[in-house]
Structure formats: structure tokens, C-alpha cells
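Numbering-wise (my numbering), the sequence shown opens with residue 68 and increments by one.
Cβ coordinates follow ideal geometry from the N, Cα and C atoms, glycine included.
Reading through the C-alpha cells given below for one structure.
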Amino acid sequence: MFIGELSRRTSVSTRGLRYYEEQGLLRPQRRASGYREFEESDVATVRRIRILLEAGLNTDLIREVLPCMADEGAILAPTCEEMAQDLKRERARLGSSIEQLQAAHAMLGSIIHAGEAATAGASRDG
68 MFIGELSRRT SVSTRGLRYY EEQGLLRPQR RASGYREFEE SDVATVRRIR ILLEAGLNTD
128 LIREVLPCMA DEGAILAPTC EEMAQDLKRE RARLGSSIEQ LQAAHAMLGS IIHAGEAATA
188 GASRDG
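Structure, rendered in C-alpha cells:
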């Protein structure tokens with residue numbers, strides 16, 4: 068199938084599919100004319116890529132773990148132990164980022180609250 072058909076079947080833009088190819092996530096055959104030709108299995112591959120992107124993985128890590136991912140219904144499961152360890156490290160990194168964002172969120176809330184209190188006090192005094 069050509070890129071337009073893959074785009075329709077996966078709801079990923081042709082630009083997105085080209086990006087996946089640039090990142091080494093998809094490897095379509097090339098015709099002599101230069102047209103990309105995708106296999107039926109690429110539909111499932113794109114689905115896996117989308118799930119892994121939604122899980123917060125970057126394309127470098129996806130390129131590593133994609134060959135070791137199996138469909139388990141609506142979710143994926145790692146089939147290689149070393150990939151499972153990579154995913155656990157990535158989850159820990161995401162957890163740390165979440166904690167940092169929550170702390171920044173709380174600090175910003177305190178700043179906003181202090182600003183509102185100061186503005187309210189100034190308007191009462193004025």
C-alpha cells in the first residue's frame with residue numbers, strides 16, 4: 068500500500084509517517100519511481116508506535132524497544148527482558164519529571180496566591 072492508504076488506515080498524517088521513517092521506525096520498500104510501499108504489517112507497527120509515543124517514550128527508545136513489543140489486546144507487552152528494564156527506567160524518569168512538575172505547580176500556586184493577597188491588600192488600603 069502507498070503512504071496515503073497507510074495514513075487513512077492509521078489516522079496518522081503522511082508527514083507523521085515520513086517522520087517515523089526518518090527516525091527508523093518504519094522501513095517501507097521503495098519502488099523504482101521512489102514511491103514508498105508499505106506492508107500490511109506496517110498498520111500494526113504504526114499502532115505500536117502511537118501507543119509508545121502516548122506512553123511518553125521518545126523515538127530513540129521506541130526504535131530500540133519496538134522489535135520486542137507484542138500486542139496484548141489494547142496494550143503492548145515487552146517480550147525481551149532487557150527491554151522491560153529499559154521501560155522500567157523510563158517510567159522512573161517520567162515519575163521524577165512528574166514530581167518536579169508537581170513541585171513547580173505548587174510553587175506557582177503559592178506565588179499566585181501571594182500576589183492575589185498582596186493585590187487585595189493594596190486595593191483595601193488605597
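Q.
Assuming the contact rule is C-beta atoms closer than 8 Å, Thr126 and Cys135 should be a hit. Round their C-beta distance to whole Å, please.
A. About 16 Å separates the two Cβ atoms, so there is no contact after all.
Q: Check Glu106 in the structure and name its three-state DSSP category.
A: coil
Q: Ignore the nearest five residues each way along the sequence and tell me which others in Val113's own chain have a CB closer than 8 Å to its CB.
A: Leu73, Thr77, Val79, Leu84, Tyr87, Leu93
Q. With burial defined as no fewer than 16 other Cβ atoms inside 10 Å of the residue's Cβ, what is the status of Leu119: buried or exposed?
A. buried
Q: Enumerate, from N- to C-terminal direction, the unbroken alpha helix (DSSP H) stretches of 4 or more residues contained entirely within the segment 91 to 171.
A: 108 to 121, 126 to 132
(Q) Using only the alpha-carbon positions, how far apart do Ile165 and Ala99 sit? (A) 48 Å
Q: Out of Gly188, His172, Ile70, state which residue places its alpha-carbon closest to the alpha-carbon of Gly62.
A: The displayed coordinates of the chain run from 68 to 193. Any statement about residue 62 would go beyond what the structure contains.
**Q.** Met68 in three-state terms, based on DSSP
**A.** coil
Q. Are Arg115 and Leu133 touching if we call contact CB-CB under 8 Å?
A. yes
Q: Enumerate in chain order the residues of its own chain whose CB-to-CB distance from Leu143 is below 8 Å, with the five nearest sequence positions on each side excluded.
A: Arg115, Ile118, Leu119, Met136, Ala137
Q: Specify the secondary structure class of Ser177 as computed by DSSP and reduced to three states.
A: helix
Q: Return helix, strand or coil for Ser74, following the three-state DSSP convention.
A: helix
(Q) What does the Cβ neighbour count give for Leu175, buried or exposed, with the cut at 16 atoms within 10 Å? (A) exposed
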